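Number of protein chains: 2
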Amino acid sequence: MKCPYCGYLKDKVLDSREREDGMTIRRRRMCLKCKRRFTTYEEIELKPLIVVKKDGRREKFNRDKLRIGIQKACEKRPISTDKINEIVENIEKELRQKYENEVKSKEIGKHVIKELKKLDKVAYIRFASVYQEFENIEQFLKEIEKIGGKNV
Amino acid sequence: MKCPYCGYLKDKVLDSREREDGMTIRRRRMCLKCKRRFTTYEEIELKPLIVVKKDGRREKFNRDKLRIGIQKACEKRPISTDKINEIVENIEKELRQKYENEVKSKEIGKHVIKELKKLDKVAYIRFASVYQEFENIEQFLKEIEKIGGKNV
DNA sequence: TTCTAAAATACAATATATTGTTTTTTGAAG
DNA sequence: CTTCAAAAAACAATATATTGTATTTTAGAA
Chain A
15 MKCPYCGYLK DKVLDSRERE DGMTIRRRRM CLKCKRRFTT YEEIELKPLI VVKKDGRREK
75 FNRDKLRIGI QKACEKRPIS TDKINEIVEN IEKELRQKYE NEVKSKEIGK HVIKELKKLD
135 KVAYIRFASV YQEFENIEQF LKEIEKIGGK NV
Chain B
15 MKCPYCGYLK DKVLDSRERE DGMTIRRRRM CLKCKRRFTT YEEIELKPLI VVKKDGRREK
75 FNRDKLRIGI QKACEKRPIS TDKINEIVEN IEKELRQKYE NEVKSKEIGK HVIKELKKLD
135 KVAYIRFASV YQEFENIEQF LKEIEKIGGK NV
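Read top to bottom, the protein sequences are chains A and B. Using the numbering used here, the first residue of the first sequence is number 15, and each one after it goes up by one. Using the numbering used here, the first residue of the second sequence is number 15, and each one after it goes up by one.
See the structure below:
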């Protein structure tokens, strides 16, 4: 850390205490050049995940919206609510790990596709048809071919 | 550090890098329970800036409060989180330069107004309506005239 | 001045972070 | 589909931070 008094770049920690709530670590440091002391705080990055939509507008990530999209794709399929929640949780986890601040809605789509492909081919095709904006039957067929034809 | 995902209190540091300018240390941590990863930042404590509110009460300047006010004004506007953070940072810097110890909350409002005016007219009007306590539609219209009418 | 609570300091035994380098993964572009 | 550059992860050798307890100083109130 750069000493706020003399600007020297090396220092050492004299004391370090975590707050009870685990939200902050306070450190007392000493500049190795001028010996003066200063305090630092370490905090968890607290940013909401922002979703950037196709038209460029931004909004806060909303777990429920994600769930609804997946639920629609799974309608009448033998997939439990728990399973869907698990997927939602996984996707949110991955997104938060992967993107610091912002994620394009398209990226979210990719993650959903990836999960549904593993889970249920019908749900997968339904979701892809919305997400990739299928405009004719051929596109459906092409996609079905890709995952191994009608015998799935 | 308390895991922001599962709340567990123990974690370990996976990576730690100091920024070139020596102002920040970024750490990548992993929760020892859920294994998820998160980022923390350590920064030097600044001398607290005191905000004097309308009723005369004083409190420490709080960057997050400022950010929230601006974020509200920018909701659903095409403005990135990065841009908002940049503005918050600039305003804080200016305030600390301009005012030694204390600053009236009204002064902070003026700074925000100034920045939003440059950035986004809708956000600007929203913020002004709260800050200047608009009480009727006429005041909105008057303000909109001032910035160039409805063709903005 | 005296009292009190909070902040700062000190100390010592133990555990963990740091940092340069390499490898892998990722997202965007061709 | 392939390629490229950037970000993240992995690794390993070394140095430094953490944490419990005790003591001292400071700032504000009485």
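Cβ atoms here follow ideal geometry from the backbone N, Cα and C, with glycine treated the same way. Note that the coordinates shown come from a computational prediction; the quantities given were computed from them, not determined experimentally.
Where residue i sits in the DSSP three-state scheme
i              : result
F75 (chain A)  : coil
R42 (chain A)  : strand
Y138 (chain A) : helix
E116 (chain B) : strand
K47 (chain A)  : coil
D25 (chain A)  : strand
E89 (chain B)  : coil
Y145 (chain B) : helix
K16 (chain A)  : coil
I161 (chain B) : coil
D69 (chain A)  : coil
V166 (chain A) : A caution first: V166 (chain A) carries a pLDDT of 47, below 50, which makes its placement in the model unreliable, though a value can still be read off. Coil at V166 (chain A), not helix or strand.
K156 (chain B) : helix
Closer than 8 Å to chain A by CB, residue i
i              : result
I39 (chain B)  : yes
E58 (chain B)  : Checking the sequence shown, residue 58 (chain B) turns out to be Ile, not Glu. Yes, contact with chain A.
D134 (chain B) : no
F141 (chain B) : no
D35 (chain B)  : yes
L23 (chain B)  : yes
R50 (chain B)  : yes
S94 (chain B)  : yes
Y145 (chain B) : no
Y19 (chain B)  : yes
K90 (chain B)  : yes
Minimum Cβ-Cβ distance from residue i to chain B less than 8 Å
i              : result
R72 (chain A)  : yes
I9 (chain A)   : The requested residue 9 (chain A) is not part of the displayed model; chain A covers only 15 to 166.
V166 (chain A) : Reliability fails at V166 (chain A), whose pLDDT of 47 lies under 50, so the model's placement of it is uncertain and the value that follows must be treated cautiously. Not closer than 8 Å to any Cβ of chain B, the Cβ of V166 (chain A) fails to qualify, so no.
Y55 (chain A)  : yes
E129 (chain A) : no
K86 (chain A)  : no
M15 (chain A)  : yes
E116 (chain A) : yes
I64 (chain A)  : yes
K112 (chain A) : no
K79 (chain A)  : no
K156 (chain A) : no
K68 (chain A)  : no
K26 (chain A)  : no
K107 (chain A) : yes
Beta-bridge pairing of residue i - partner residues as DSSP gives them
i             : result
Y55 (chain A) : A:R40, B:E57
R31 (chain B) : B:R40
I64 (chain B) : B:K74, B:E116
Residue i CB to nearest heavy atom of the ligand PLP below 7 Å
i             : result
K68 (chain B) : In the structure shown, the ligand PLP is absent, as is every other ligand, since no ligand is present at all.
Notebook entry, point to check: Is the stretch 26-41 of chain B touching the stretch 49-57 of chain B in the sense that three or more CB pairs, one from each, lie closer than 8 Å?
Noted result: yes
Check: Does the pairing of the stretch 122-142 of chain A with the stretch 91-109 of chain A give three or more beta-carbon distances under 8 Å?
Finding: yes
Checklist line | Three CB pairs or more closer than 8 Å across the stretch 25-35 of chain B and the stretch 75-92 of chain A | finding: They do not touch, by the three-pair rule.
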